[in-house]
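Numbering (the UniProt record's numbering), first residue to last: 1 to 140. Following: one structure in structure tokens, then a few remarks.
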């Protein structure tokens with residue numbers, strides 16, 4: 001399981017109003033950002049306040065998304081000045097990348113974890129709503 005350290009210049013970064021077709025691309029928030037990264041898997045127009053990330057080489061799309069998501073907070077702490085990020089600073093980002101077969105396996109595991117977390121959050125919210133209902137109707 002060799003990791004290759006790649007520079008962000010192996011990705012196209014587009015910052016323009018663009019209509020993306022759901023081809024497993026994702027975009028980063030750039031204006032007044034908190035390091036937001038969003039995954040796009042359906043047709044959508046993307047405004048200029050976002051940068052669209054399109055790989056130039058073969059990546060498992062969700063793996064690349066998770067890799068950038070993992071590195072983004074530390075990267076922003078180092079390179080962000082003010083509330084905005086300059087697109088050029090993205091070329092300083094380095095990612096540790098596994099071979100393509102491992103990428104798909106890792107992405108699948110991370111997606112399953114993400115789904116389990118969302119299910120737990122929904123269950124907790126349902127319990128909170130039930131508790132609220134019970135407390136409101138407790139006094140007769």
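We put the beta carbon where it would ideally sit given N, CA and C, even for glycine.
Check                                                                                                                   : Outcome
Short Cβ contact (9 angstroms threshold) for residue 115 with residue 66                                                : no
Whole-number beta carbon distance between residue 104 and residue 77, since they are thought to touch under 8 angstroms : Between residue 104 and residue 77 the Cβ distance is about 30 angstroms, and since that is not below 8 angstroms, they are no contact.
Where residue 124 falls: helix, strand or coil (DSSP)                                                                   : helix
Residue 50, enclosing beta strand (DSSP E) - first and last residue                                                     : 50-55
Reduced DSSP secondary structure (H/G/I, E/B, other) of residue 46                                                      : strand
Integer-rounded CB distance, given that residue 95 should sit under 8 angstroms from residue 57                         : That belief does not hold up - the Cβ atoms of residue 57 and residue 95 are roughly 12 angstroms apart, past 8 angstroms.
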